[in-house]
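2 protein chains.
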Amino acid sequence: MESMVQRVVRQVREAELTDNITLATNASQLDIIINQLGESVSVVTEPERRDTFPAIALAASYLKLAKNCPDDEVVVIMPCDPFTEAGYFETIGKMAVCVERNVADLVLMGITPTYPSEKYGYVVPETASRNAEGSMIVRQFTEKPNVERAKQLLSIGALWNGGVFAFRLGYMMDIVRKYIKSDSFEDTRARYCEFPKISFDYEVAEKAQSVAVVPYTGQWKDLGTWNTLTDELRRPVIGNAVMGPRCTNTHVINELQYPIYVDGMEDTVIAASPDGIIVCRKKYSEDIKKAVDNLTPRPMYEERRWGSYRVIDDTTYADGRHSLTKSITINAGKNISYQVHRHRSEAWTIVEGEGIFVLDGVERKVNAGDTLVIPVNHHHALKALTTLTFIEVQTGNPLVEEDIERSQWNWSE
Amino acid sequence: MESMVQRVVRQVREAELTDNITLATNASQLDIIINQLGESVSVVTEPERRDTFPAIALAASYLKLAKNCPDDEVVVIMPCDPFTEAGYFETIGKMAVCVERNVADLVLMGITPTYPSEKYGYVVPETASRNAEGSMIVRQFTEKPNVERAKQLLSIGALWNGGVFAFRLGYMMDIVRKYIKSDSFEDTRARYCEFPKISFDYEVAEKAQSVAVVPYTGQWKDLGTWNTLTDELRRPVIGNAVMGPRCTNTHVINELQYPIYVDGMEDTVIAASPDGIIVCRKKYSEDIKKAVDNLTPRPMYEERRWGSYRVIDDTTYADGRHSLTKSITINAGKNISYQVHRHRSEAWTIVEGEGIFVLDGVERKVNAGDTLVIPVNHHHALKALTTLTFIEVQTGNPLVEEDIERSQWNWSE
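Residue numbers (our numbering), protein chains in the order written: chain A, 11 to 423; chain B, 11 to 423.
This is the structure we're talking about:
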């Protein structure tokens, strides 16, 4: 089992493209990335979700301002969600060569289409003849055409835009400075909201004076939207769900404990997780990202460096009181930090595993079945000897993640 | 605020039809019915869900064998889910008169159609002329026709079958005895599975030699299926959900804490509760009842005479351990019985209200924020002084509702 980001980092290394990998991601994903990749890659976190141009602009600023890369450094931008094979990374190598040889300011990867898809953007080359570096000059871009137009595009040799871009760092930084002029990466990141909410394709690729495309013909499966991801699922149902007899091209992915019953649906994806439930016609599934921003007041599932937690209940009562209940798992050998809360008490019931619990400087061994009561203002920590899960009930006011003061504890074992 | 069953019982009493009301319901609904109606009505509970014929046969057996009603007693069967006005109950009065005057063996209510619906069964009268009692002899029944056929039916004066039936008890008991011959109601109930799974319409109405219909023209809104219920909802969204711009005739009812996002749906109902999530084309929503039997291993929400509970987590871990976490509310002045568990320990954290807790014969006052630990084999009870909610974490093996021994506790206040 390998996550998308683990796979792509492994593939980049196996292709010996570079060891200098920087991951651009949302701040909320940082702990997941570090859990999966350790400290072997640099990570740039966007403080809020905007679009692909701001994300790439921030990553470029990091390379320029934090890592002091030179302006003529060749940078390749690639998404982590396509499922590909080794030839994909060879193609990326060719793209970098094209930039080094100044074939064009911007070089992108063109995926050889397998059918007239309405899901992708198309890149139309000037002519089908390739130059010495294997690239073709780009005449125009066409965003998600209908099937008829897609057939025409295929007939003139158009390729799918694979979202892989190569350029010299200085080229990108000239565009970045149109919005934010700064000598400091921290300052640029703090002013992130000044970048326009626009895709890299619209802001950079379509405006570029000189663009080339390098074709790739091998396996390429886009797993970045529910629409494309469900195409690759072997079974229509994952998790606790029952599909009625009158469904066509419908997929259910259920991470919740509640059963799902579906009938009479067409071309629909149903995805249920602690962060929310999506019921969406597949062709609209790309719009979900925009729509669900701020749908949950707090994240309902989070991975942390020490493990993960899931909110299982979050209720405000008629008398104004509030309680928050979580299922928290600490991985074997990890611990949650020695901490104190000023406004809430916590009751922890261990339901799996064994560990060492500290309360106000006193360590004790704890096991499944034990209940630990932590009043307001009492210091506590918990270390897992084996994988340890506990149910935490928080009471108090306010119940916010920020009510935490951390200090150091030296574990006896 | 009044539930469907509270409303219909109130209306029957206001119409002075009878004080002798018997409610036929599923065993799982018994506590809800008693909470809502007290002990003022008789309740017959079917041990398992079968269909309308077995349910009515069991209710008739109760009247005959448990209540010793005479064979010539007039019985009226009515569903509790249509939304109606006073004239509906006047019509029921007329139906009872028809049976008393021996107009027909079976008398049913015909709802005057407002449009050529495909959702209902139709009753076709012999002629449009009514006899002295206001009834018409029935020629035939037609189940859910298509729109064209429905228009034809309207043109010949057909009425919707409202699911209200009147007959003499002896008439029904002759049919009951085709399947179960018994002098004991308890015995009949124990043999409930011997009744065929068939609707009253098919087993009784369509086979009857002499059937009359009494028309009703007033307000009548069927709230018995999602398809008909959503027609009556003023807003398309109830609960935490966002409807995207490309939905038509779609309704979301969300009782869960997880947000729901919906887009691109047509004629769809999405209903989410702790017992499960339904995503269904409205016209198929009647089939849900059959499909979802046994979908959940345990009820995720239950009303009890003392309050209610909701399962918020139910997990089996890699080491084979199992934990069950519930949010439990006890209504003010009520208590849960003095009890002991032989295989599980419980940790209760009070999150709302105040009450009196008993552990092994010792009472103490408890409040929101308190955590109460109840090891295996210790007797305990809890009484709510105000509405009291607690989070219960069960650990042990097995975690089953049956692991409970109850005894008496005399509360000091």
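Where is the CB? At the ideal position from N, CA and C, for every residue including glycine.
Remark: fewer than three beta-carbon pairs, one from each stretch, lie closer than 8 angstroms, so the region 235-245 of chain A and the region 243-259 of chain B are not flagged as touching. In the DSSP assignment, A:V18 falls within the unbroken alpha helix (DSSP H) covering 14-24. At a cut-off of 8 angstroms between beta-carbon atoms, B:P57 makes no contact with chain A. Burial state of B:I121 is buried, judged by a 10 Å Cβ sphere holding 16 or more other Cβ atoms. In summary, A:T124 is exposed, with fewer than 16 beta-carbon neighbours lying within 10 Å of its beta-carbon over all protein chains present.
Identification of chain A residues near B:E362 by a Cβ-Cβ cut-off of 8 angstroms yields Y327, A328, D329, R331, S333, ordered along the chain. Think of a sphere of 7 angstroms around the beta carbon of B:M11: no beta carbon from chain A falls inside it, the nearest being about 15 angstroms out.
Annotation for B:G180: the continuous alpha helix (DSSP H) segment containing it runs 179-186. If you check the CB distance, B:R17 and B:N36 do not come in under 8 angstroms. Of the other Cβ atoms in all chains shown, fewer than 16 fall within 10 Å of the Cβ of B:T227; this residue is therefore exposed. Contact between B:N171 and B:G144 does not hold, since their C-beta atoms are separated by about 17 angstroms, which reaches or exceeds 8 angstroms.
For A:Y311, not one C-beta of chain B is nearer than 8 angstroms to its own C-beta. Between A:A106 and A:A176 a beta carbon distance of about 6 angstroms is seen, short of the 8 angstroms cut, so the two are scored as contacting.
When the beta-carbon positions are compared, B:V289 and B:W236 stay at least 8 angstroms from each other.
Under the DSSP definition of a beta bridge, A:P225 partners with A:G120. For A:W236, the enclosing alpha helix (DSSP H) covers residues 236-241.
Taking 3 residues as the shortest admissible run, the region 88-139 of chain A contains the following complete beta strand (DSSP E) segments, listed from N- to C-terminal end: 92-94, 116-121, 132-135. For A:I322, a Cβ of chain B is located within less than 8 angstroms of the residue's own Cβ. Contact between B:T335 and A:T335 holds: their C-beta atoms lie close to 7 angstroms from each other, under 8 angstroms.
Counting the other CB atoms within 10 Å of its CB gives A:M275 a total of 16 or more, which places it among the buried residues.
In summary, the residues of the region 247-261 of chain A whose CB is separated from some CB of chain B by less than 8 angstroms are V252, G254, R256, in the order they occur in the chain. A buried status is given to A:D285, since no fewer than 16 other beta-carbon atoms sit within 10 Å of its beta-carbon. A contact is defined here as three or more CB-CB pairs under 8 angstroms, and the region 202-213 of chain A meets this definition with respect to the region 38-58 of chain A. Listed along chain B, no residue sits closer than 7 angstroms to A:Y319 by beta-carbon distance, the nearest being about 12 angstroms off. Counting along the chain, B:D41 sits inside the alpha helix (DSSP H) bounded by residues 40-47.
Within the region 340-358 of chain B, those residues whose Cβ lies closer than 7 angstroms to any Cβ of chain A are, in chain order, S355, A357. Annotation for A:K292: no beta strand (DSSP E) segment contains it, and DSSP assigns it neither H nor E. A:D273: member of the beta strand (DSSP E) spanning 270-273, first to last residue. Note on geometry: alpha-carbon atoms of A:V134 and A:S209 lie some 19 angstroms from one another. Against chain A, a Cβ distance below 7 angstroms from B:V174 picks out nothing, because the smallest value is about 29 angstroms. For the set B:V85, B:E373, B:V372, the Cα lying nearest the Cα of B:N30 is the one of B:V85.
Interface residue (Cβ-Cβ distance to chain B less than 8 angstroms): A:I263 is not classified as such.
As the crow flies, the alpha-carbon of B:L118 is around 41 angstroms from that of B:M253. Around A:I366, no beta-carbon contact reaches into chain B at under 9 angstroms, the shortest distance being about 18 angstroms. As far as DSSP is concerned, B:V157 takes part in no beta bridge. At least one beta carbon of chain A lies nearer than 8 angstroms to the beta carbon of B:I401.
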